[in-house]
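Here's the structure, in structure tokens; my notes come after.
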Amino acid sequence: MTVKEILAELQSKGDEARRKHNIKAGAPDNQFGVKLGDLRAIAKKLKTNHDLALKLWETGNVEAQLIAALIMKPAALSATELDALTRSTTCSQVADWLNAYVVKDHPEKDKLRLKWMKAKDRWAARAGWNLTASNINKGTSDDDLIALLDRIEAEMPKAKPEVQWTMNNTLAAIGIHHADLRPRALAIGEAIGLYRDWPVSKGCVIPYVPVWVNEMVKRQK
Numbered sequence: 005m006t007v008k009e010i011l012a013e014l015q016s017k018g019d020e021a022r023r024k025h026n027i028k029a030g031a032p033d034n035q036f037g038v039k040l041g042d043l044r045a046i047a048k049k050l051k052t053n054h055d056l057a058l059k060l061w062e063t064g065n066v067e068a069q070l071i072a073a074l075i076m077k078p079a080a081l082s083a084t085e086l087d088a089l090t091r092s093t094t095c096s097q098v099a100d101w102l103n104a105y106v107v108k109d110h111p112e113k114d115k116l117r118l119k120w121m122k123a124k125d126r127w128a129a130r131a132g133w134n135l136t137a138s139n140i141n142k143g144t145s146d147d148d149l150i151a152l153l154d155r156i157e158a159e160m161p162k163a164k165p166e167v168q169w170t171m172n173n174t175l176a177a178i179g180i181h182h183a184d185l186r187p188r189a190l191a192i193g194e195a196i197g198l199y200r201d202w203p204v205s206k207g208c209v210i211p212y213v214p215v216w217v218n219e220m221v222k223r224q225k
């Protein structure tokens with residue numbers, strides 16, 4: 005399929021009400037309102053196709069970028085190319101799929117992580133903190149965790165919302181997996197109060213760190 009044909013199929017599967025809802029939630033206008041399940045079905049049909057993925061990404065269309073993240077070949081990207089892709093992300097959903105399906109499998113992700121952790125660009129910073137949280141959760145982090153807590157305490161209150169999300173994930177990861185640092189992580193989460201009133205479905209854990217950490221620690225016992 006060509007880019008033109010894929011965009012036409014996306015448009016045919018779009019829903020205007022969903023599109024308006026997405027835009028109201030902060031997503032850009034350049035989208036059709038297609039269900040994520042439909043996007044996965046299209047990507048499955050296309051299979052891995054790196055060149056097509058790059059062309060889809062260049063459209064700037066949200067759904068096209070989401071499909072691109074699913075059919076892209078991480079190893080075919082240079083670190084410079086991945087950095088550029090990360091910074092050209094259109095919204096949080098695209099950022100999360102790019103991080104989950106491309107960034108995490110890139111051979112130079114650790115070098116990029118250190119660069120992104122210092123970035124002013126919101127999408128690069130989001131990716132850097134996302135990788136950091138992942139390393140802590142997997143027990144592979146070699147970061148100075150006290151220094152990370154210092155940064156989170158100082159920077160998270162004024163960080164951009166897209167960055168706050170993965171900084172908060174990092175704070176929770178430290179609290180969940182490092183009992184000696186848990187009291188401070190909980191205190192930081194309580195003092196900042198981020199996501200204290202976040203709405204969640206029944207049975208889900210709120211991302212407010214004091215609640216989230218204590219619930220996950222309880223489940224580990």
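In my numbering, the protein residues as written are 5 to 225.
Positions of the beta carbon are idealized from the N, C-alpha and C atoms, including for glycine.
Query, Result
"Distance between Thr6 and Leu89 (C-alpha atoms, nearest Å)", "21 Å"
"Three-state secondary structure assigned by DSSP to Lys206", "coil"
"Cβ-based burial, Arg202 [other Cβ within 10 Å; buried from 16]", "Note that residue 202 is Trp in the sequence shown, not Arg. It counts as exposed."
"Best match in Ile192, Pro211 and Lys48 for proximity to Arg200 [C-alpha to C-alpha]", "Pro211"
"For Pro214 and Trp169, the rounded distance between their alpha carbons", "15 Å"
"For Lys115 and Glu85, the rounded distance between their alpha carbons", "14 Å"
"Neighbour-count burial assignment, Leu118, 16 or more Cβ in a 10 Å radius", "exposed"
"Own chain residues within Cβ distance below 6 Å of Gly18, not counting five before or after", "Phe36, Gly37 and Val38"
"CB of Ile178 within 7 Å of CB of Leu149, strictly", "yes"
"Cβ-based neighbour list, Ala83, same chain, cut-off 8 Å, excluding 5 preceding and 5 following", "His110, Glu112, Lys115 and Leu116"
"Through-space distance from Val107 to Pro78, alpha-carbon basis", "7 Å"
"Segments assigned alpha helix (DSSP H), at least 4 residues, entirely inside the region 160-193", "165-181"
"Same chain, Cβ closer than 7 Å to Thr105, five either side skipped, listed in chain order", "It should be pointed out that residue 105 corresponds to Tyr in this sequence rather than to Thr. Only Ala73 and Leu74 meet the Cβ criterion."
"Meets three-Cβ-pair contact criterion under 8 Å: the region 50-58 and the region 18-29", "no"
"Same chain, Cβ closer than 6 Å to Asn139, neighbours up to 5 away in sequence not counted", "Ser145"
"Lys164 to Arg91 span [Cα, whole Å]", "14 Å"
"Residue burial classification, Cys95 (beta-carbon count within 10 angstroms, cutoff 16)", "buried"
"For Tyr105, the first and last residue of its enclosing alpha helix (DSSP H)", "Ser96 to Tyr105"
"Residue from Gly64, Ala45, Lys206 and Ala195 whose Cα sits closest to the Cα of Ala31", "Gly64"
"Nonlocal neighbours in the same chain, by C-beta distance under 8 Å from Arg188, ignoring five residues either side", "Leu153"
"For Met171 and Ile156, the rounded distance between their alpha carbons", "7 Å"
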